[in-house]
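Novice:
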Amino acid sequence: MQNDIWSEEFGAASDAPIVLIMGSMSQGILWPEEFVGRLAAGGRRVIRYDHRDTGRSRTVDFAKEPYTWEDIKDDVLRVMDAHGLDSAHLVGHSAGGLLGQYIAVERPERVRTLTVIGSSPLGGGEGAVIMRALMGEPQPEGSLPGPTPEFVAAFRAMITAPPPANRRERIEAMIAEQRALHGTALPFDEDAARRLQERVYDRARDLDAVANHRLAAAARPDFEPVGVLHRVKVPTLVIEGTHEPAKPGHGALIAERIPGARLLMVEGMGHTLPPETHEELARAILAHTTEG
């Protein structure tokens with residue numbers, strides 16, 4: 002897959018590299034240009050990419066070419082190889098943070114520092130927690146905190162809605178999902194969301210191929226190792242929004258389980274990366290990647 006994954010660079014090739022890993026079923030352009038630009042202006046070589054089966058990266062017929070999240074994880078290393086990087090600072094959002102944690106456990110020599118944003122602890126079973134919440138099932142004792150009631154209500158409505166019949170309806174559904182992930186504290190800029198989702202729609206080779214990520218998860222539900230975060234030795238920064246709707250409180254659990262990890266709570270942030278947060282996020286990541 003190395004040559005089939007779309008990626009792009011910002012900043013000088015001589016600067017310290019940061020690889021941005023977006024979440025499940027998400028294109029790399031969900032890392033906002035303004036945020037990426039702040040990192041590059043701070044002296045970082047920034048790389049973002051589209052996961053397989055998203056955006057401009059290769060899409061497959063899953064029945065003929067099945068894969069697992071192990072392969073999606075290894076794609077991070079393939080992107081690094083394609084850019085000539087023996088190691089890099091890894092910054093992962095949501096499921097991208099899970100991938101970063103796993104790589105820091107498995108291949109520490111390739112990770113300079115780790116930053117996870119809006120993520121869950123590796124091996125915590127966050128997918129099952131969200132699914133049980135959507136199905137109205139009780140959470141077993143000791144499971145991760147579930148999503149907020151507002152998040153559950155919004156996603157239940159989206160799941161039960163008729164399938165979009167055309168481009169306009171599909172984009173409206175994508176905006177509704179972004180709004181639910183945004184949280185309730187900061188204003189939601191619908192015009193900006195529409196521009197972003199139109200771009201996501203128009204640049205995708207096959208927008209429906211993102212569902213292959215769910216098939217990949219089902220193909221190996223035991224993908225995440227359990228009880229290994231104490232093995233993460235690289236400097237780790239954990240970031241969570243104070244209004245995280247999907248994985249509230251998960252950041253603190255990551256920080257507790259990784260030795261020496263630091264937790265940063267960003268006021269007002271939900272599960273997206275709105276403009277109001279870019280300066281604080283970039284400042285924190287630049288400082289963290291200077292130390293590592």
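Each residue of the sequence shown is one higher than the last, beginning at 2 in this note's numbering.
From the three backbone atoms N, C-alpha and C, an ideal C-beta is built for every residue, glycine too.
Between which two residues does the alpha helix (DSSP H) carrying M132 extend?
Specialist: Where M132 is concerned, the enclosing alpha helix (DSSP H) stretches over 127-136.
Novice: On the three-state DSSP scale, how would you describe R39?
Specialist: In this structure, R39 counts as helix in the three-state DSSP scheme.
Novice: Helix, strand or coil: how does DSSP classify E191 here?
Specialist: Three-state result, E191: helix.
Novice: Take I286 as the anchor and find which of E10, K234, G24, G38 has the nearest alpha-carbon.
Specialist: Looking at the Cα atoms, G38 is the closest of the given residues.
Novice: Leaving out five residues before and five after D16 in sequence, what residues of the same chain have Cβ atoms less than 6 Å from its Cβ?
Specialist: Excluding positions up to five away in sequence, the list reads G44, R45, R46.
Novice: Between which two residues does the alpha helix (DSSP H) holding P260 run?
Specialist: Premise fails: P260 is in no alpha helix (DSSP H) and is neither H nor E.
Novice: Mind checking whether Y50 and I118 have CB atoms under 8 Å apart?
Specialist: No, these two residues do not count as a Cβ contact at 8 Å.
Novice: For R263 and A256, I'd like the C-alpha separation in whole angstroms.
Specialist: So the alpha carbons of these two residues sit roughly 6 Å apart.
Novice: Can you list, in chain order, the stretches of the beta strand (DSSP E) that have 3 or more residues and sit fully within the region 107-177?
Specialist: You should have 112-118.
Novice: So is A162 buried or exposed if we call it buried at 16+ other beta carbons inside 10 Å?
Specialist: Its Cβ having fewer than 16 others within 10 Å, A162 is exposed.
Novice: At the level of alpha carbons, what is the spacing between L86 and A210?
Specialist: Approximately 29 Å between the Cα atoms of the pair.
Novice: Under the three-state reduction of DSSP, which class applies to Q3: helix, strand or coil?
Specialist: Interpretation of Q3 is limited by its pLDDT of 47, a score under 50 that renders its predicted location unreliable; the figure taken from the coordinates is listed afterwards. The answer is helix: DSSP assigns Q3 an H, G or I state.
Novice: To which residues of the same chain is Q3 closer than 7 Å at the C-beta, ignoring the five residues directly before and after it?
Specialist: With a pLDDT of 47 at Q3, under the threshold of 50, the modelled position of this residue cannot be trusted, and the question is left open.
Novice: For the region 186-201 and the region 92-103, state whether three or more C-beta atom pairs, one from each stretch, are separated by less than 8 Å.
Specialist: No, the region 186-201 is not in contact with the region 92-103.
Novice: Quick one: residues in its chain with C-beta nearer than 6 Å to the C-beta of G29, no 5 flanking neighbours on either side, listed in chain order?
Specialist: Cβ within range, chain order: M23, R49, Y50, D51.
Novice: For Q140, count neighbouring C-beta atoms within 10 Å of its own C-beta (all shown protein chains included) and say buried if the count is 16 or more, exposed if not.
Specialist: Q140 is exposed by the Cβ-count criterion.
Novice: Residues in the same chain with beta-carbon distance under 8 Å from V229, minus the five sequence neighbours each way, listed in chain order, please.
Specialist: Cβ neighbours of V229 beyond the five flanking positions: V106, L123, G124.
Novice: Just the C-alpha distance for V267 and G252, rounded to the nearest angstrom, thanks.
Specialist: In a straight line, the C-alpha of V267 is about 11 Å away from that of G252.
Novice: Suppose the cutoff is 7 Å on Cβ atoms and the five residues either side in sequence are ignored; what does the same chain contact list for A134 look like?
Specialist: For A134, where only same-chain residues beyond five positions count, the Cβ hits under 7 Å are G147, P148, V153.
Novice: Is the beta carbon of S88 less than 8 Å from the beta carbon of R111?
Specialist: Taking 8 Å as the Cβ cut-off, S88 and R111 qualify as a contacting pair.
Novice: Can V235 and L115 be called in contact, C-beta distance under 8 Å?
Specialist: Cβ atoms of V235 and L115: closer than 8 Å.
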